[in-house]
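Asker: With the first letter of the sequence shown counted as 1, position 108 gets the number 176 in the working numbering; the numbers rise by one all the way through.
Cβ coordinates follow ideal geometry from the N, Cα and C atoms, glycine included.
In this text, all values refer to a predicted model and were calculated from it rather than measured experimentally.
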Amino acid sequence: MIDKISVVVVDDHSLFRAGVIRTLELDSAIKVVGEAGSGEEALDLAIRLKPNIVLLDISMQGNGIHAAGKIVGLPEAPRVVMLTVSEDDDDVMAALEAGAVGYVLKGIEAMQLISAMKSVAAGDTFVSPNLTLRLLSGVKEKARTTLLDSLSDQEERTLRLVAMGLSNREVGERLGVMEKTIKFHMTRVMAKLNVRNRVEASVMAQKEWGTGKE
């Protein structure tokens, strides 16, 4: 059990930072052990003070998301929570992918912020409620798009034609290559898309690209 939750607060606006510190210290279970105004300072404090949590702004000198990735990579890494005005889905996903376990919007109520810190300290994750549903609905779509984006130009051209219902031979004739070359491309396509056969690959392509599009 943690007697007191030690927190480092990082934001380049000193007045806002002071307000966050006052809010957190309303609860006797939380102790702010350090504060900083940049990503570089945040990393230094994380190394020296070994807090339980680093509460980190995104938009500041040293890039908060970049700093988060460095902090969570430390040998005795604290948990990282982003505190930001950004509701951009890409920012949220980038922060979580960097290793942050929390994403809190700056308009959060004081008691909600304290509750979020306690949840994170206990091993849970926290994302501001108004972002959660939007994120959940976008995760599958983003994952599918990312997989398709991993295809090379030749693999994409091949899959587009296969998704139109053409055989390997017909695709080869369209692209001016041998049938065995198309088979090779499709083997790589299926591996990259993590599907079992060309039908599943075609369905994925049709959902993203539509039908009849080359």
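Are the beta-carbon atoms of residue 126 and residue 150 separated by less than 7 Å?
Answerer: yes
Asker: If contacts are defined as beta-carbon pairs under 8 Å, then residue 134 and residue 167 qualify, I think. What distance do you get, rounded to the angstrom?
Answerer: At roughly 11 Å, the Cβ-Cβ gap does not stay under 8 Å, so residue 134 and residue 167 are not in contact.
Asker: Would you list, in sequence order, the uninterrupted beta strand (DSSP E) runs of no fewer than 3 residues that lie entirely inside the stretch 136-206?
Answerer: 147-152 and 170-173
Asker: What is the DSSP secondary structure of residue 115, counted as helix, strand or coil?
Answerer: When DSSP states are grouped into helix, strand and coil, residue 115 belongs to the helix group.
Asker: Assuming residue 89 contacts residue 72 under a Cβ cut-off of 8 Å, what Cβ separation, rounded to an integer in Å, is found between them?
Answerer: At roughly 14 Å, the Cβ-Cβ gap does not stay under 8 Å, so residue 89 and residue 72 are not in contact.
Asker: Bridge partners for residue 74 per DSSP, in chain order?
Answerer: Looking at the DSSP assignment, residue 74 forms a beta bridge with 99.
Asker: Over what stretch of residues does the beta strand (DSSP E) that includes residue 122 continue unbroken?
Answerer: 121-124
Asker: Nearest-angstrom Cα distance between residue 276 and residue 222?
Answerer: Cα to Cα, residue 276 sits roughly 18 Å from residue 222.
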